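S.K.: Let me give you the structure first, and then I'll get to my questions.
In the working numbering, the protein residues as written are 1 to 173.
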């Protein structure tokens with residue numbers, strides 16, 4: 001049986017992704033969406049299973065039409081369209097990062113895992129983009145590399161800074 005605290009954490013993680021997704025920070029040709037910043041933060045603070053549930057629920061909410069994706073949009077078209085691979089690739093963050101704060105308090109290690117998860121997400125997204133649109137895989141990766149590094153750094157700093165507070169209060173599982 002899943003504990004109430006675990007369900008609450010999953011719901012909170014899902015909600016954080018949903019409320020931050022519609023907002024972007026313009027960084028030239030590739031905007032930085034806050035959802036892709038929140039996913040690694042949530043994934044790093046949760047255990048693997050809870051993080052996977054949170055991301056799956058977020059993607060499911062968008063798939064059924066709730067406006068939780070970028071630009072206050074939702075619907076299956078996002079999952080089967082050009083951006084679908086990037087959304088599915090979000091599951092790589094909790095799969096790789098889940099529980100990383102419990103296993104290591106080393107910010108460099110957590111940062112490296114963040115970068116690897118981000119790169120793998122870009123590869124999944126770029127391959128999906130190629131299959132759907134016929135564009136080159138590089139188009140789906142290269143413009144996102146600098147934002148990926150920025151998001152990995154911010155998410156890592158946030159994870160390392162917030163984890164001790166959550167640990168002291170008993171929120172971090």
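Don't be surprised by glycine CBs; every beta carbon is placed ideally from N, CA and C.
In this text the structure is predicted, and so the values were computed from the model without any measurement.
Can you tell me which of the three DSSP states residue 14 falls into?
M.R.: Of the three classes helix, strand and coil, the one that applies to residue 14 here is helix, per DSSP.
S.K.: Compute the Euclidean distance between the alpha carbons of residue 148 and residue 118, then round it to the nearest angstrom.
M.R.: Taking the straight line from one Cα to the other gives about 6 Å.
S.K.: Can you give me the Cβ contacts of residue 57 inside the same chain, cut-off strictly under 6 Å, excluding the 5 residues immediately before and after it?
M.R.: Excluding sequence neighbours, residue 57 sits near 14.
S.K.: Return helix, strand or coil for residue 183, following the three-state DSSP convention.
M.R.: This structure leaves residue 183 out entirely; the chain is present only between 1 and 173.
S.K.: Short of 7 Å in beta carbon distance, which residues of its chain neighbour residue 76, apart from the five on each side in sequence? Order them along the chain.
M.R.: Taken in chain order, the residues that qualify are 63.
S.K.: Just mark residue 139 as buried or exposed, buried being the case when its beta carbon has 16 or more other beta carbons within 10 Å.
M.R.: Under this definition residue 139 is an exposed residue.
S.K.: Starting from residue 107, trace the alpha helix (DSSP H) both ways and give me its first and last residue.
M.R.: Unbroken alpha helix (DSSP H) run through residue 107: 107-133.
S.K.: Checking the sheet assignment: what are the DSSP bridge partners for residue 25?
M.R.: Residue 25 pairs with 32.
S.K.: Would you call the CB atoms of residue 105 and residue 163 closer than 9 Å?
M.R.: Yes. Within cutoff.
S.K.: Should residue 59 and residue 91 be called a contact, given that it needs their Cβ atoms to be closer than 9 Å?
M.R.: Taking 9 Å as the Cβ cut-off, residue 59 and residue 91 qualify as a contacting pair.
S.K.: I'd like the span of the alpha helix (DSSP H) that includes residue 149, first residue to last.
M.R.: Unbroken alpha helix (DSSP H) run through residue 149: 145-169.
S.K.: For my contact list, residue 44 and residue 110 are in at a C-beta cut-off of 8 Å; report their separation, rounded to the angstrom.
M.R.: Residue 44 to residue 110, Cβ: 6 Å. Contact.
S.K.: Rank 12, 20, 171 by C-alpha distance to the C-alpha of residue 102 and give the top, closest one.
M.R.: Out of 12, 20, 171, 171 has the C-alpha closest to the C-alpha of residue 102.
S.K.: Alpha carbons only, please: which of 23, 39, 85 is nearest the one belonging to residue 123?
M.R.: The residue with the shortest Cα to Cα distance from residue 123 is 85.
S.K.: Use the C-beta contact count for residue 145: other C-beta atoms within 10 angstroms, 16 or more gives buried, fewer gives exposed.
M.R.: Exposed, because fewer than 16 other Cβ atoms sit within 10 Å of the Cβ of residue 145.
S.K.: Let's see if you can read the secondary structure: which residues bound the alpha helix (DSSP H) around residue 60?
M.R.: Residues 48-63.
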